Amino acid sequence: MPPVPTPTSHFFTSLRTRLHYLDWGNPSAPLLILVHGGFDHARSWDWTARALAQDYHVITPDLRGHGDSAWSPTGAYPIAHFVYDLALLVDLLDRAPVTIVGHSLGGSISLRFAGLYPDKVQKIVAIEGLGRSPDSLRQQADRAAPDIWRDWIDGRRTRARRTPRSYPTIEAAVGRMRERNEALSLEQAMHLTQHGVNRNEDGSYSWKFDPYMKGIAPEAASDAELPEFWKRIACPTLLCLGRNSWASNPAKDGRMAHFRDAHLVEFDDAGHWLHHDQFDRFVAELRTFLQPAAAPSAVAGVRP
Numbered sequence: 001m002p003p004v005p006t007p008t009s010h011f012f013t014s015l016r017t018r019l020h021y022l023d024w025g026n027p028s029a030p031l032l033i034l035v036h037g038g039f040d041h042a043r044s045w046d047w048t049a050r051a052l053a054q055d056y057h058v059i060t061p062d063l064r065g066h067g068d069s070a071w072s073p074t075g076a077y078p079i080a081h082f083v084y085d086l087a088l089l090v091d092l093l094d095r096a097p098v099t100i101v102g103h104s105l106g107g108s109i110s111l112r113f114a115g116l117y118p119d120k121v122q123k124i125v126a127i128e129g130l131g132r133s134p135d136s137l138r139q140q141a142d143r144a145a146p147d148i149w150r151d152w153i154d155g156r157r158t159r160a161r162r163t164p165r166s167y168p169t170i171e172a173a174v175g176r177m178r179e180r181n182e183a184l185s186l187e188q189a190m191h192l193t194q195h196g197v198n199r200n201e202d203g204s205y206s207w208k209f210d211p212y213m214k215g216i217a218p219e220a221a222s223d224a225e226l227p228e229f230w231k232r233i234a235c236p237t238l239l240c241l242g243r244n245s246w247a248s249n250p251a252k253d254g255r256m257a258h259f260r261d262a263h264l265v266e267f268d269d270a271g272h273w274l275h276h277d278q279f280d281r282f283v284a285e286l287r288t289f290l291q292p293a294a295a296p297s298a299v300a301g302v303r304p
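Numbering (UniProt numbering) for the sequence shown: 1 to 304.
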């Protein structure tokens, strides 16, 4: 049996912030970057990384404010900073064009990067990383900007007065993890929790992500501008959607039409974390998409 690949930890500095990433080895293979979602961490990709590490040089970063990367000293997390971090990491790895897989927030960051630097991305996969649905954006547009700003300030002040949530035991934290995604097995939840918490001085456990990630400032990102990035993506794009997810279907709501070369795969019995809920099928779809001969045609399509 071949040895089970294990990652090594590395750090780099971006915008005066110390950021962490895992390198799964095999540096002569094609570079594959896996970008996790909000309130998550790089070890969320461990199963995917192990499955692909024999064929790819897998890199899994911790986004700023997440995992073993530093928190913002101001508690601010503009989307532009996340995109800057990814752009810098790609340049530091010096292996462009790269392939990127992003989940949720990580997908949104990665799609922006691919639109900014289309020559640096060979293929991209977005797991529910298209931001808010057109219906949600229309509802927000009905609200006056000062009201949105006021709500953000009031919400931030309220969070500042709260004591960060902690859990008396690791089992309690695992229980919260499974509440967030009921489809997780106990093994999955334990793994994600063990790598996703820090031990406090009183012996309790708290999540590694910065609580100030909740409620990003209103000027930090605009989902309404995303189609302008999508239109500039030149590489084949795979969009993944869990049928049980809250996310809107991009083929039905019109967002998929903004891509030059994209197709959608929907996963039965899967929610927002479809790469956990239907891991075997996700990896099979990913391998098919990454094969050079399996690149999708210029005509966008949907596969169930």
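Virtual Cβ for every residue (Gly too), placed ideally from N, Cα, C.
Predicted model only: the values in this text are computed from it and were never measured.
- In this structure, the CA atom of His103 is about 23 Å from the CA atom of Asp94.
- Leaving aside the five residues that flank Pro118 on each side, the residues in its chain whose CB is nearer than 8 Å to its CB run, in chain order, Arg232, Ile233, Ala234 and Cys235.
- Positions of the beta strand (DSSP E) runs, each at least 3 residues long and wholly inside the stretch 41–83, are given as 57–61 in order along the chain.
- Straight-line spacing of the CA atoms in Glu182 and Arg112 works out to 30 Å.
- In its chain, beyond the 5 residues on either side, Tyr84, Asp85 and Leu88 have a beta carbon closer than 7 Å to the beta carbon of Ser14.
- In this structure, Ala262 places its C-beta atom within 8 Å of the C-beta atom of Thr237.
- Distance between Met256 and Ser108, taken at the CA atoms: about 14 Å.
- Excluding its 5 nearest sequence neighbours in each direction, Trp47 has C-beta neighbours in its own chain below 7 Å: Phe279, listed in chain order.
- Taking 8 Å as the cut-off, the beta carbon of Ala70 is found no closer than this to the beta carbon of Leu22.
- Straight across, the Cα-Cα distance linking Glu179 with Ala173 is about 10 Å.
- The C-beta separation of His57 from Pro30 comes to about 7 Å, placing the pair in contact by the 8 Å criterion.
- Secondary structure within the stretch 220–282: the alpha helix (DSSP H) runs of 4 or more consecutive residues, fully enclosed, are 226–230, 250–253 and 274–277 (chain order).
- DSSP places Phe113 in no beta strand (DSSP E) but in the uninterrupted alpha helix (DSSP H) bounded by Leu105 to Leu116.
- For Thr74, the number of other beta carbons within 10 angstroms of its own is below 16, and it is reported as exposed.
- Going by C-alpha positions, Arg156 is about 8 Å away from Tyr212.
- Of the residues Pro227, Asp147 and Arg43, the one whose Cα lies closest to the Cα of Ser133 is Pro227.
- In the three-state reduction of the DSSP assignment, Leu19 falls in the strand class, which pools E and B.
- Around the beta-carbon of Lys208, 16 or more other beta-carbon atoms lie within 10 Å, marking it buried.
- The residue among Arg159, Met190 and Asp154 with its C-alpha nearest the C-alpha of Ile170 is Met190.
- The C-alpha of Thr163 is placed about 20 Å away from the C-alpha of Gly175.
- Contact between Val197 and Ser185 is ruled out by a C-beta separation of about 18 Å, above the 8 Å threshold.
- Under the three-state reduction of DSSP output, Val4 falls in the coil class, being neither helix nor strand.
- Membership of Gln139 in the alpha helix (DSSP H) is indicated by the continuous run Pro134 to Ala141.
- For the pair Ala247 and His272, the CB atoms are nearer than the 8 Å cut-off.
- In the three-state DSSP reduction, Ile33 falls in the strand class (E or B).
- The DSSP-derived three-state label of Gly102 is strand.
- In the DSSP assignment, Lys120 forms no beta bridge with any residue.
- In the structure shown, the three-state DSSP call for Phe209 is coil.
- The DSSP-derived three-state label of Arg165 is coil.
- Shown here, Phe289 sits in a helix according to DSSP, grouped into three states.
- Counting the other CB atoms within 10 Å of its CB gives Ile148 a total below 16, which places it among the exposed residues.
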